[in-house]
Amino acid sequence: MCPGRGIVHSEMPASRDAPAVGLQLWLNLPARLKMTQPRYQEIPASGLPRVKQGNVEAIVIAGEAMGEKAAVFTNHPITYVHFLFSGPATHFHAIPSSHNAFVYVISGSGRIGDEAVEAHSVVLLTVFCLATEIEDMWSSGGGNGVYVEAGSKGIGTVMQHMEARTKTKRKASADDRNRDLLHPKQESYH
1 MCPGRGIVHS
11 EMPASRDAPA
21 VGLQLWLNLP
31 ARLKMTQPRY
41 QEIPASGLPR
51 VKQGNVEAIV
61 IAGEAMGEKA
71 AVFTNHPITY
81 VHFLFSGPAT
91 HFHAIPSSHN
101 AFVYVISGSG
111 RIGDEAVEAH
121 SVVLLTVFCL
131 ATEIEDMWSS
141 GGGNGVYVEA
151 GSKGIGTVMQ
161 HMEARTKTKR
171 KASADDRNRD
181 LLHPKQESYH
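With full-length UniProt numbering applied, the sequence shown corresponds to residues 1 to 190, in that order.
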């Protein structure tokens, strides 16, 4: 989704049978595109390119991985790939040296470069510590999954819980405080 002009986006994912599990990546539009026409792309999971090599499967959400390109249009050149590991494996994924990147570990444990990682951890990779590849991305057994996201430094700061149209952490925090004052939370969804 590209909110563009006149759109305030709000959602509350819900599931009747089990807790909803998901991960969203929001990118700040460049100033010249802030008032662009809103767009929406709905691509079901079955429409995302998948490629498997040995014990490593890549679901390509944006960008490219293992020779497969995503169908999603983005305003920035980015990488957004869900890697699944069905057994022991070491996988190398090229990232342009001009991009910052992070890896979010969904489940399992392993290594990213020299760093040991576990479920729900994040490893930040910047142009200062990343040449062209994430090495030894994973090398432990069964049921492991990670998301790899990368984009040019022009996209902005990586923040958790950031409003899509804000540019700074201070502005995002102020927006959160104002929203909570105007719309207090009535109930919790767990």
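Cβ coordinates follow ideal geometry from the N, Cα and C atoms, glycine included.
- The segment 97-104 makes contact with the segment 112-128, as at least three CB pairs between them are under 8 Å.
- Look at Gly47 here: in three-state DSSP terms it is helix.
- When C-beta atoms of the segment 16-27 are compared with those of the segment 37-48, fewer than three pairs fall below 8 Å, so the two segments do not count as touching.
- A Cβ-Cβ distance of about 4 Å is found for the pair Cys2 and Arg39, placing them in contact under the 8 Å criterion.
- Straight-line spacing of the CA atoms in Gly87 and Arg16 works out to 32 Å.
- Counting other Cβ atoms within 10 Å of its Cβ, Ala116 stays below 16 and is therefore classed as exposed.
- Bounds of any beta strand (DSSP E) do not take in Arg5, whose DSSP letter is neither H nor E.
- For the set Asn75, Phe73 and Tyr80, the Cα lying nearest the Cα of Met66 is the one of Tyr80.
- Within the same chain, and ignoring the five residues on either side of Val60 in sequence, the residues whose Cβ sits closer than 6 Å to its Cβ are Pro49, Glu68, Ala70 and Val81.
- One alpha carbon belongs to Asp114, the other to Phe73, and they sit about 34 Å apart.
- The bridge partners DSSP lists for Ser121 come to none.
- Our two residues, Val56 and Ala89, have alpha carbons roughly 7 Å apart in a direct line.
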